[in-house]
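Numbering-wise, numbering that gives the first Met the number 0 puts 19 at position 20 of the sequence shown, and it's gapless, one number per residue. Don't be surprised by glycine CBs; every beta carbon is placed ideally from N, CA and C. Notes to accompany the following structure.
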Amino acid sequence: MNNFLFSDENLNHELETSNDSDDYWEVLVVDDEEDIHQVTKLVLSGFEFENKSLRFHHAYSAREAMDVLNKQDNISVGLIDVVMESNHAGLDLIKHIRQNIGNHDIRLILRTGQPGEAPEEAVIRDYDINDYKNKTELTAVKLKTLLYSALRSHRDIQTIAKHKAGLERIIDASGSFLSCNSVREFASTILSHVSDVMGLSSSDIFCAAAVNSQNAEADNFRLLAASGEGVEPTTEAIPQNVKQLFMETHNKKLSHQTEFEYVGYFPSQGGSETMLYVSKESALHETDRQLLAFFASNIAMAYDNIRLRETVKESQKELSYILGEAVEKRSKETGSHVKRVANYSQLLAKLYGLSEYHSEIIKLASPLHDIGKISIPDNILNKPGKLDDKEWEIMQTHAKVGYEILHNSSNEILKCGAIIAYHHHEKWDGSGYPQGLEGEQINIVGRITALADVFDALGSDRCYKPAWPLENVISLIQSEKGKHFDPKLVDLFINNLDEFIFIRDSYPD
């Protein structure tokens with residue numbers, strides 16, 4: 000054994016105590032002398048930093064150390080000798096760690112009894128190490144001091160890495176929030192991302208998110224989501240202590256945290272507040288709380304944006320209905336017609352295979368299909384009998400007028416409404432108006448609304464006719480397959496007739 004190592008201090012000869020916990024600082028000792036391993040363990044027995052003890056890994060050559068590092072990626076500190084199987088084996092090992100493995104977190108401390116083989120200034124300059132010690136100067140106190148410094152540095156690097164990974168996951172989650180189209184979808188996204196942000200399995204934590212008005216009663220909060228309960232559950236789905244914490248957080252208007260729980264409070268400029276509860280069986284680290292605070296703040300902002308989007312969407316839907324109903328009232332028809340056509344069109348779009356989003360746009364735009372009728376004189380629009388050729392020519396202009404009213408808008412719903420207005424009187428065989436388009440030249444939104452409109456018009460009382468019996472309506476639609484209507488749409492309509500009848504019965508005149 001090198002008799003100069005730790006020679007000027009009395010050593011603590013207690014053996015390394017066992018620790019049942021998995022929470023260790025992992026230390027790799029690389030030296031070709033067994034005595035160095037034993038003395039290092041002896042001096043550092045009982046050493047603790049931030050309530051974590053040391054666990055040693057031993058290698059007696061650079062090659063053995065490489066094998067350990069290839070299998071163990073959580074080493075915090077490496078104490079590395081220079082001269083082992085070769086005069087520069089330790090330096091080769093350092094290059095391998097930094098360049099080949101790409102591990103820049105482990106703190107590397109070079110210990111040498113032969114400084115002439117690796118001059119300090121040259122090694123510090125040319126190799127990515129964190130300290131250089133001559134074994135003759137490395138006393139027990141200095142070794143412990145060195146470990147404190149190295150572990151503190153490693154801890155800080157790990158904290159930064161965890162924050163970085165967590166923030167990247169938050170940015171990822173924020174992108175998901177922006178793509179949500181409803182509060183319901185948003186709530187589901189919260190649950191799927193909280194565990195990701197913390198780097199945990201979803202089974203390891205319990206999460207609940209709630210919203211309330213800042214001025215409302217404390218128990219008036221709305222539960223958006225809770226682990227294991229799906230989205231938008233009732234408040235009965237969460238434990239009483241979580242309800243109580245939400246109410247206390249609302250009253251105090253402050254985030255709250257314990258060793259195992261976190262409740263974030265985030266008010267919005269619109270007067271609402273979002274609260275996020277997270278708990279896990281093991282203690283929450285400060286990094287966990289900081290990441291949850293960032294994440295919950297994003298939840299609050301995203302919730303406000305989604306609510307605003309929903310409000311805008313509801314406003315657009317109402318305006319579409321109001322405009323459509325205004326036209327129908329000129330024709331002495333009820334506003335239920337446009338609502339039925341809207342829902343028929345959405346259902347047909349989904350059955351046809353269009354996306355949920357596109358189907359919703361068609362639903363919001365289809366009430367505008369007859370907007371051009373505002374240009375038709377009352378004596379033609381409400382004529383109880385058959386129109387003459389001149390009157391019919393005037394009536395046909397409503398399709399193009401509707402298109403011209405809407406098509407210059409940049410609003411997606413109104414642009415879709417313009418196409419519907421222009422195309423919903425075209426026929427599959429080319430005999431329709433105003434352009435005489437045929438087949439797939441007719442935009443799918445026009446083909447869908449055409450079938451929805453005819454089905455409802457035939458089954459409703461109009462100024463020029465009474466409502467037809469359902470079987471007569473179905474018979475006509477089947478006879479017009481491939482003539483007036485897209486054959487595929489007719490098949491979808493007939494095969495799902497019960498769903499269309501349910502919509503009809505839900506919006507009576």
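Would you call His397 buried or exposed, if buried means 16 or more other Cβ atoms sit within 10 Å of its Cβ?
buried
So, at 8 Å on beta carbons, what are the nonlocal neighbours of Asp19 in its own chain, with the 5 sequence-adjacent residues on each side left out?
Per-residue confidence for Asp19 stands at a pLDDT of 40, beneath the threshold of 50, marking its modelled position as unreliable; no derived number is given.
Helix, strand or coil at Leu4 [DSSP, three-state]:
Low confidence applies to Leu4: its pLDDT is 46, below 50, so where it sits in the model is not reliable, and the reading given next is rough at best. The answer is coil: DSSP assigns Leu4 none of H, G, I, E or B.
Can you tell me the Cα-Cα spacing of Tyr147 and Val42, whole angstroms?
14 Å
Which value, in whole angstroms, describes the spacing of the CA atoms of Tyr23 and Arg54?
6 Å
Cβ neighbours of Asp104 in the same chain (closer than 6 Å, five flanking residues each side left out):
Ile156
Proximity winner among Ser278, Val210 and Lys426, relative to Phe265 (alpha-carbon distances):
Val210
Helix, strand or coil for Trp391, going by three-state DSSP, please let me know.
helix
So the alpha helix (DSSP H) Pro486 belongs to, where does it begin and stop?
Pro486 to Asn494
Limits of the beta strand (DSSP E) - the one that Glu437 falls within
Taken as a continuous stretch (DSSP letters only), Glu437 belongs to no beta strand (DSSP E), as it is neither H nor E.
Alpha helix (DSSP H) runs wholly inside the stretch 209-252, at least 4 long, in chain order
239-251
Could you tell me whether the stretch 464-476 touches the stretch 408-424, using the rule of 3 or more Cβ pairs below 8 Å?
no
On the three-state DSSP scale, how would you describe Gly263?
strand
Can you tell me whether Ile79 is buried or exposed, with buried defined as 16 or more other CB within 10 angstroms of its CB?
buried
Taking the straight line between their C-alpha atoms, what separation do you get for Asp460 and Pro507?
12 Å
Continuous beta strand (DSSP E) stretch holding Gly512: start and end
Absent from the structure is residue 512, since the part of the chain shown begins at 0 and ends at 508.
Between Ala511 and Leu413, is the Cβ-Cβ spacing less than 9 Å?
Absent from the structure is residue 511, since the part of the chain shown begins at 0 and ends at 508.
Exposed or buried, which one is Val277 when buried takes at least 16 other CB atoms within 10 Å?
buried
Supposed close pair Ile476, Ile361 - CB separation, criterion 8 Å:
So it is not a contact: roughly 19 Å between Cβ atoms.
Under the three-state reduction of DSSP, which class applies to Phe55: helix, strand or coil?
strand
Using DSSP with H/G/I as helix, E/B as strand and the rest coil, what is Asn133?
strand
What's the call for Gln213, buried or exposed, on a 16-neighbour Cβ count within 10 Å?
exposed
In angstroms with no decimal places, state the Cα-to-Cα distance between Asp504 and Ala456.
14 Å
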